[in-house]
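K.L.:
Every number in my numbering is 234 more than the matching position in the sequence shown, counting from 1.
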Amino acid sequence: MVGKLESLNLTHLKYFLDSVELGSLTRAAAANHISRPAISAAIIRLEDWASKELITHERRNFALTEEGVKFYRHMRTCFDSFKKQVRANNLDSRRLKIGCSASLVEPFLLPALKRLSQYSSPEIMTGTSAKLLFQLGQDEINLAIVIDDPRRDKFSVAEVMEGEFVVASPSGKMTDLLITTEARPEVHVLTKAISRESKPQSFQRLTVESWGLGVKFALALKGSCLIPDCLLQSGLRKVAIPKFREKYKVCVVYKREEHLSLSEIELVRDLSNKYSVRT
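(1) Would you please state the rounded distance, in angstroms, between the beta carbons of L466 and V394? I believe it to be under 8 Å.
(2) Checking 8 Å against the spacing of the C-beta atoms, do F305 and L259 come in under that value?
(3) Under the rule that 16 or more other beta-carbon atoms within 10 Å means buried, what is P312, buried or exposed?
(4) Select from L377, A417, Q438, I381 the residue whose C-alpha is nearest the C-alpha of R490.
(5) Can you check the region 406 to 478 for any beta strand (DSSP E) of at least 3 residues that lies completely inside it and give the ranges in chain order?
(6) Taking just the CA atoms, how far does K317 sit from E500?
(7) Taking DSSP as the reference, what is the three-state secondary structure of P345?
(8) Check whether the Cβ atoms of C459 and A402 lie closer than 8 Å to each other.
(9) What residues match up with Y482 in a beta bridge as DSSP calls it?
(10) Label L292 either buried or exposed according to how many other C-beta atoms from any shown protein chain fall within 10 Å of its C-beta, with 16 as the threshold for buried.
(11) Quick check: D335 and T362, are their CB atoms within less than 8 Å of each other?
(12) Using the C-alpha atoms, what's the distance from Y488 back to L350?
(13) Measure the alpha-carbon distance for E287 versus I379 and round it to whole angstroms.
(14) Grab the span of the beta strand (DSSP E) containing G333 for me, first residue to last.
(15) Identify, in the order they occur along the chain, each residue of the same chain with its Cβ nearer than 7 Å to the Cβ of S337, setting aside the five sequence neighbours on each side.
(16) Report yes if the C-beta distance between L440 and I461 is below 8 Å; otherwise report no.
(17) Suppose contacts are defined by Cβ-Cβ distances below 8 Å. Is F181 in contact with I277 by that definition?
(18) What residues in its chain sit with their C-beta under 6 Å from that of K456, if we drop five residues either side in the sequence?
(19) What are the start and end residues of the alpha helix (DSSP H) that includes E357?
(20) State the start and end residues of the unbroken beta strand (DSSP E) segment that holds V380.
(21) Specify the secondary structure class of S258 as computed by DSSP and reduced to three states.
(22) If we call anything under 8 Å between Cβ atoms a contact, is F389 one with L370?
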């Protein structure tokens, strides 16, 4: 006998739906940033509520029971209907409250805003990845567009595009002036790569707040800058640095999709679809 509706834990239901759609308790755990045992325990509690065995509980083989297949199909429809109704009743469905790394505004955010449907009184903040992720945690913004950062692991992530960090200068050669952002992982990797050179180059370091500023300083001062390759532009040429290769991802980071307005969901999907990178 199915338990009372008011006793249904929607979080447990979501974990079950995610497990089915991802085909794995482990992948569902990773997607929800919790442990695999927590996912398993949640599904067991859902089975208690439904008074049905929904999955086979084989250690290395995720599979639905016959009752589980029926339950999934029914509850997937109900869950989607519930989400749509909640959003339909949200008077702020056109809200846009986002943050974006300053360097990503021009190549990513502005084109996306032009493609979106109407939104009301948008609030847009810029800053470093660290600042935006802090603001996201404090609910000062609802999503952030950032270069991949290890500190974002507790959030949901849609990956927009992949690339590599490069060193660039007007001449295409390493200069005495190296311009970087704060001490991020790619800065440490580059510093080690340069120090391994047979004839280490003596250079001055200039630290700026954003990669975009790094580009401007490199052009103005004829220096070298460490930037994502998506910001490589006319006037700058890539500098060959032996043994330096550091990848990055542009990501849209948010707490949960349920916390986003329709406009914010549209922005996430637009960016993901535009650049066709795995989510």
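The beta carbon of each residue, even a glycine, is placed where N, CA and C say it ideally should be.
P.N.:
Reading off the structure:
(1) With a Cβ gap of about 17 Å, L466 and V394 do not count as contacting.
(2) Taking 8 Å as the Cβ cut-off, F305 and L259 do not qualify as a contacting pair.
(3) Residue identity check: residue 312 is Cys in the sequence provided, not Pro. Exposed: under 16 other Cβ atoms inside 10 Å.
(4) When C-alpha distances from R490 are compared across L377, A417, Q438, I381, the shortest belongs to L377.
(5) For the region 406 to 478, the continuous beta strand (DSSP E) assignments of 3+ residues that do not extend past its boundaries occur at 411 to 414, 438 to 441, 458 to 462, 471 to 473, in sequence order.
(6) Their backbone Cα atoms lie some 15 Å apart in a straight line.
(7) Helix.
(8) Taking 8 Å as the Cβ cut-off, C459 and A402 qualify as a contacting pair.
(9) As computed with DSSP, Y482 is found in a beta bridge with G397.
(10) Note that residue 292 is Glu in the sequence shown here, rather than Leu. So E292 counts as exposed.
(11) It should be noted that the sequence gives Ser, not Asp, for residue 335. Judged by their CB atoms, S335 and T362 are nearer to each other than the 8 Å cut-off.
(12) Computed Cα separation, rounded: 18 Å.
(13) Those two C-alpha atoms are separated by around 41 Å.
(14) Start and end: 329 to 335.
(15) Cβ neighbours of S337 beyond the five flanking positions: S444, W445, G446, L465.
(16) The answer is no: Cβ separation not under 8 Å.
(17) The structure shown does not extend to residue 181, since the chain spans only 235 to 513, so no value can be given for it.
(18) Excluding sequence neighbours, K456 sits near P404.
(19) Segment 354 to 361 is the beta strand (DSSP E) holding E357; no alpha helix (DSSP H) there.
(20) For V380, the enclosing beta strand (DSSP E) covers residues 377 to 381.
(21) Three-state result, S258: coil.
(22) Note that the C-beta distance between F389 and L370 is below 8 Å.
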